[in-house]
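With the first letter of the sequence shown counted as 1, position 40 gets the number 40 in the UniProt record's numbering; the numbers rise by one all the way through.
By construction, the Cβ of each residue, glycine as well, lies at the ideal position given by its N, Cα and C atoms.
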Amino acid sequence: MLPLERQKKIIELLKFKKVMKIKELLTELDISIDTLRRDLNILTKQGKIEKIYGGVKLAESPLAESSMDKRLISHIEEKNSIAQTCSEYIQDGDCIYLDSGSTTLQIAKYIKNKRKLTVITNSVPVVLELMNSNLDLIMIGGKVRKEEQSVVTYDYLFNFNQLNIQKAFICASGITFEKGISDYHIEEAITRKNIISLSSEIYVAADSTKFGKDVTVGITPLEKVDYIVTDQHIHETFITAFKDTSTKLIVANS
Numbered sequence: 001m002l003p004l005e006r007q008k009k010i011i012e013l014l015k016f017k018k019v020m021k022i023k024e025l026l027t028e029l030d031i032s033i034d035t036l037r038r039d040l041n042i043l044t045k046q047g048k049i050e051k052i053y054g055g056v057k058l059a060e061s062p063l064a065e066s067s068m069d070k071r072l073i074s075h076i077e078e079k080n081s082i083a084q085t086c087s088e089y090i091q092d093g094d095c096i097y098l099d100s101g102s103t104t105l106q107i108a109k110y111i112k113n114k115r116k117l118t119v120i121t122n123s124v125p126v127v128l129e130l131m132n133s134n135l136d137l138i139m140i141g142g143k144v145r146k147e148e149q150s151v152v153t154y155d156y157l158f159n160f161n162q163l164n165i166q167k168a169f170i171c172a173s174g175i176t177f178e179k180g181i182s183d184y185h186i187e188e189a190i191t192r193k194n195i196i197s198l199s200s201e202i203y204v205a206a207d208s209t210k211f212g213k214d215v216t217v218g219i220t221p222l223e224k225v226d227y228i229v230t231d232q233h234i235h236e237t238f239i240t241a242f243k244d245t246s247t248k249l250i251v252a253n254s
């Protein structure tokens with residue numbers, strides 16, 4: 001079997017089994033360990049697979065948005081610290097917007113005891129989290145994105161102009177100085193653009209892995225964002241660079 005054929009076979013096996021041990025691959029392909037290592041090194045350099053302890057798995061595409069279920073357990077400590085810090089900027093009597101996303105869902109857990117707080121959201125999990133609280137809840141109307149557990153709105157279904165939002169807490173999949181805030185899904189981006197245009201203060205809640213990434217759809221340039229709240233793992237170069245911008249970078253405590 002030619003090297004390209006073996007490598008194609010490895011990808012096909014991983015698509016079926018998701019994760020495979022080295023011993024399994026040796027048996028399936030009937031090749032030496034040195035030959036397998038060469039093939040795996042090539043596929044790893046091509047970004048097609050990832051090596052894990054004792055085996056390999058298919059690599060996730062950097063251009064694809066991971067599912068909400070995966071994001072809910074990914075970087076959870078960092079997201080909790082970001083959420084707690086965000087909650088400190090929310091006062092009794094505020095009218096706020098909580099975006100759909102795993103980090104903003106954590107914010108909902110910290111604001112249940114606020115008084116006379118109005119929460120506007122497009123996130124089904126946020127609504128469920130706050131359902132039994134004393135907060136006033138407003139959910140925007142529109143099309144349900146099942147994979148994101150969110151509602152992406154249309155102007156003819158929801159009148160944005162009637163909203164008076166003091167503080168909007170927005171999620172992002174990418175943050176760069178050149179392109180600003182970006183996301184994977186165009187309908188989510190449109191909803192966020194509308195909310196940003198109507199809100200007095202814009203907070204972006206994003207863990208440190210989002211910095212330096214520019215993904216599919218631009219949401220807003222950096223100068224339109226008042227605050228970015230992130231975790232303590234953000235690289236020092238970003239902290240220094242933000243000192244020359246109008247956007248305040250807030251680093252949450254661990």
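In terms of alpha-carbon separation, which member of the options lies closest to residue i?
i	options	result
residue 11	42, 33, 34	42
residue 33	218, 109, 55, 233	55
residue 197	208, 184, 162	162
residue 220	182, 253, 241, 199	182
residue 222	212, 231, 245, 232	245
residue 257	16, 22, 19, 40	The first residue shown for the chain is 1 and the last is 254, placing residue 257 beyond what the model contains.
residue 148	191, 209, 101	101
residue 128	194, 193, 231, 106	106
residue 206	137, 8, 186, 83	83
residue 252	13, 103, 26	103
residue 120	89, 195, 18, 28	195
Based on DSSP bridge pairs, tell me the residues matched to residue i.
i	result
residue 230	251
residue 201	167
residue 56	20, 51
residue 225	None; residue 225 has no bridge partner.
residue 217	183
residue 98	121, 169
residue 211	175
My understanding is that residue i touches residue j, with C-beta atoms under 8 angstroms, so please give their C-beta distance in whole angstroms.
i	j	result
residue 133	residue 188	The pair is not a contact, with the Cβ atoms about 25 angstroms apart (cut-off 8 angstroms).
residue 226	residue 248	7 angstroms
residue 166	residue 94	5 angstroms
residue 49	residue 36	Contact flag wrong, Cβ pair sits at about 12 angstroms.
residue 123	residue 99	7 angstroms
residue 28	residue 14	Actually they do not touch by this definition, with Cβ atoms about 11 angstroms apart.
residue 86	residue 169	6 angstroms
residue 142	residue 126	Not really, about 15 angstroms apart at Cβ, beyond 8 angstroms.
For residue i and chain D, any beta-carbon pair shorter than 8 angstroms?
i	result
residue 83	Of the protein chains in this structure there is only one, and it is not chain D.
Checklist line | Three-pair Cβ contact test at 8 angstroms for the stretch 106-113 versus the stretch 230-244 | finding: With a cut-off of 8 angstroms, the stretch 230-244 and the stretch 106-113 do not count as touching, because too few Cβ pairs lie within range.
Margin query: Could you check whether the stretch 205-224 touches the stretch 173-191, counting it as contact only if at least three pairs of C-beta atoms, one from each stretch, sit closer than 8 angstroms?
Written below: yes
Checklist line | Sequence ranges, alpha helix (DSSP H) only - wholly within the stretch 104-163, length at least 4 | finding: 124-130
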